[in-house]
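In my numbering, the protein residues as written are 2 to 591. The C-beta atom is built at its ideal place from N, Cα and C for all residues, glycine as well. Note sheet for the following structure.
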Amino acid sequence: MEIAPSSSRFKLHDQLELLEFPDKYVVKSSESPDHGFYINRRDGNIDPLDENSCSGTPSRVSTIYGVGGTIKLLAGTYMLVITSRKEVGTFLGFPVFRVVSMRFLPCNEAMRFATSQEKRDEAYFRTLLQTVEASPGLYYSYETDLTLNLQRRYKLAEGWMRKPLWKQADPRFVWNRHLLEELIECKLDGFIIPLLQGSFQVAKLQLKNSPATITLISRRCTRRLGTRMWRRGANLEGDTANFVETEQVLEINDFMFSLLQVRGSIPLLWEQIVDLSYKPGLKINNHEETPKVVQRHFHDLFQRYGETIAIDLTDKHGDEGELSKAYATEMRRLPNVRYVSFDFHHVCGNSNFDNLHVLYEEIADEFEKQGYFLADAEGNILEEQKGIVRSNCIDCLDRTNVTQNYLAQKSLNLQLQRIGLFDSTECISMLADEYTKFRTIWAEQGDEISLQYAGTYALKGDLVRYGKQTLFGAIRDGMSALSRYYLNNFQDGIRQDALDLISGRYTVSRNSPSPLQQLKVFESPSYLPVASALLIGGITVTSITIHQAGRNTQQFVSSAVLAGVTAGVVAVIKSNGRHFCSRPRLCRLL
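As structure tokens, then:
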């Protein structure tokens, strides 16, 4: 279903030629060769095509599918290009693509005069760009913006869709917003692609005799972009880590429904720094601005979505319990937010998905009053969503996704009852095949969001897919938990630096101190294998000598000495756990 004729829409160039010359890169439309620009490989300057731009023979000609932007490092400018894509469905009648691969092209001459330290810094920055090139879950369309939810889109002024896509977009959800600045300055509107990071899932259903399409779009906010352990809680502006807007769109019988939900880290100032332990301790930062931070966060939600139901799914004991208690204390000061504390693990455990009915019964009246968005084939708005449910656990991944899926299912039933397709006793779960498709797209969405924040698939995915835990799911959850431990401790410092670099939170400057000179003694990655080798070797040799210790006094003394050395290595590793982990080098945590 389209909400405006395609002739009135702005369309990007969808297939481009990249011509590589010794002194420049030329990017031009394959369909309209006179539309394009070139970037100088000596100084990084961007200019529109002229009659001499393509003179000579390029060393290489290739097809690309978009320009993601530019970034300036010590060596000069790098241009990000999309080298491979995959069509994953349509939205409002227009094709949607996922980025399969992308590449940074260097346009630099500055390193010939660089110091040895600057060359080392640039090598590190280029490592970060390689990390960015592998970013998962990037989506875009050449003909429609993916960052605006349906209700907001329908209420835009006439003519809005004729604007360039980057002007239509919600800047919160444009992953490459910082990278686009130079292209925007050069007014290259036909080449500026707003990339959305999140998830885009589509399911075709047959609901009784009515064909239907459910589209699930998740939009990751870039205001506090980061990885699981290095971006927790809120900043002083009230922006939270892992803030994601999820929209479930149903198209059926010439009607279009939309349900919005959001997730985000608990909006306090808190952290959970990796230290080699499996579950690092949570630390709440007592700050005089904390009440204002919480107020700013929920005021922003109210301005955008209306009244909020805040569902806190954390445990009510241990570190999580202390954090939940602090959150509840702050929420009591907010008059227009309904705060609901629900200990997911206590009520649902690892397999009792249906026990979420306890939560639903507590919020059902308000949730159903918030409603959903509904428009007919003529574009008339029949219903508006009047509020939002905000869910969180600690990571806002596993428990949160199970809960959001449950609420989305409840809303879907209400929507189908609204148009008379279901009566009050019917629900989507009665249609086994269609229910499986519905649960699958929610599970796939949960995996994508988890990969972007934690680096692994979501845990508890079976609860979404099948409504219960399976043996295979338990094994996969165990593997994912181990992978999270490894990534969070030994990889995510670099991933966090990469995100800080491309989001503009860190700006490269020759006048700034070298990030590599700020390393403390244990922060070099080379210390980890040395410590591991000492630990494993010490334990092994100690075990052997203890086994043989009964034979003579000398071996007994050797065993005691080796055991002491091993214990010393364990103590050093434990006391310096934070320093053995991969840490961000570019920015402070807040």
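Per DSSP, which residues does residue 104 bridge with? Please list them. 82
Inter-residue spacing [alpha-carbon to alpha-carbon] between residue 583 and residue 30: The straight-line gap from Cα to Cα measures roughly 42 Å.
At what residue ranges does the region 139-212 contain a whole run of the beta strand (DSSP E), taking only runs of 3 or more? 139-141, 197-208
Where does residue 47 fall in DSSP's three states? strand
Alpha helix (DSSP H) runs wholly inside the region 447-510, at least 4 long, in chain order: If we require 4 residues or more, the alpha helix (DSSP H) runs fully inside the region 447-510 come out as 462-466, 472-491, 493-503.
Residue 310 vs residue 395 beta-carbon contact at 8 Å: no
Which runs of the alpha helix (DSSP H) fall wholly inside the region 338-414 and span at least 4 residues, in chain order? 345-349, 358-371
Suppose you measure from the CA of residue 421 to the CA of residue 131; what does that come to, to the nearest Å? 52 Å
DSSP three-state call for residue 77: helix, strand or coil? strand
Buried or exposed: which applies to residue 14, given that a residue is buried once 16 or more other Cβ atoms fall within 10 Å of its Cβ? Its Cβ being crowded by 16 or more others within 10 Å, residue 14 is buried.
Suppose the cutoff is 6 Å on Cβ atoms and the five residues either side in sequence are ignored; what does the same chain contact list for residue 417 look like? Counting only Cβ-Cβ distances below 6 Å, and skipping sequence neighbours, we find 423.
Just checking, does the region 126-142 make contact with the region 198-211 on the three C-beta pairs under 8 Å criterion? Flag = yes, the region 126-142 and the region 198-211 touch.
So, with DSSP's three-state summary, where would you put residue 313? strand
Local Cβ density within 10 Å of residue 162, reported as buried at 16 or more and exposed below that: Buried.
What is the DSSP secondary structure of residue 1, counted as helix, strand or coil? This structure cannot settle anything about residue 1, because the visible part of the chain is limited to 2 through 591.
Going by the beta-carbon positions, is the gap between residue 507 and residue 587 smaller than 8 Å? yes
Is any heavy atom of the ligand GTP found at a distance shorter than 7 Å from the C-beta of residue 387? Annotation note on the ligand GTP: not contained in the displayed structure, which lists no ligands.
The region 433-442 touching the region 336-355, judged by at least three CB pairs closer than 8 Å: Verdict: no, contact absent.
Taking the continuous beta strand (DSSP E) assigned at residue 275, which residues delimit it? Unbroken run through residue 275: none, as it is neither H nor E.
How long is the line joining the alpha carbons of residue 523 and residue 284, rounded to whole angstroms? With a pLDDT of 47 at residue 523, under the threshold of 50, the modelled position of this residue cannot be trusted, and the question is left open.
Stretch pair the region 84-96 + the region 142-160: three plus CB contacts closer than 8 Å: yes
Rounded separation between residue 339 and residue 221 - CA only: 24 Å
Do residue 69 and residue 89 have their CB atoms nearer than 8 Å? no
Sequence-distant residues of the same chain with beta carbon closer than 7 Å to residue 103, five excluded per side: 69, 81, 82, 83, 84, 134
In three-state terms, what does DSSP make of residue 25? strand
Beta-carbon separation of residue 307 and residue 391 under 8 Å? No; because the gap between Cβ atoms is not below 8 Å, this pair is not in contact.
Residue 99 to residue 47, Cα distance in whole Å? Rounded to the nearest angstrom, the two C-alpha atoms are 27 Å apart.
Start and end of the beta strand (DSSP E) containing residue 330? Per DSSP, residue 330 belongs to no beta strand (DSSP E); it is in the alpha helix (DSSP H), 319-332.
What do you get for residue 129, buried or exposed, if any count of 16 or more other CB atoms within 10 angstroms of its CB means buried? buried
State the CB to CB distance for the pair residue 373 and residue 259, rounded to an integer number of angstroms; the pair is presumed to be in contact (CB under 8 Å). 6 Å
Spatial neighbours of residue 217 within its chain, please: C-beta separation below 6 Å, excluding the five flanking residues on both sides. Contacts found: 202, 249, 442, 446.
Flag this pair as yes or no: are the beta carbons of residue 180 and residue 72 separated by less than 8 Å? Yes, Cβ-Cβ distance for residue 180 and residue 72 is below 8 Å.
Express the C-alpha separation of residue 321 and residue 335 in angstroms, rounding to a whole number. If I take the Cα positions, the gap works out to 22 Å.
How about the region 507-517 and the region 112-129: do they share at least three Cβ pairs that are nearer than 8 Å? They touch, by the three-pair rule.
In whole angstroms, what separates the C-alpha of residue 484 from that of residue 455? Straight-line spacing of the CA atoms in residue 484 and residue 455 works out to 9 Å.
Quick one, are the C-beta atoms of residue 196 and residue 177 less than 8 Å apart? yes
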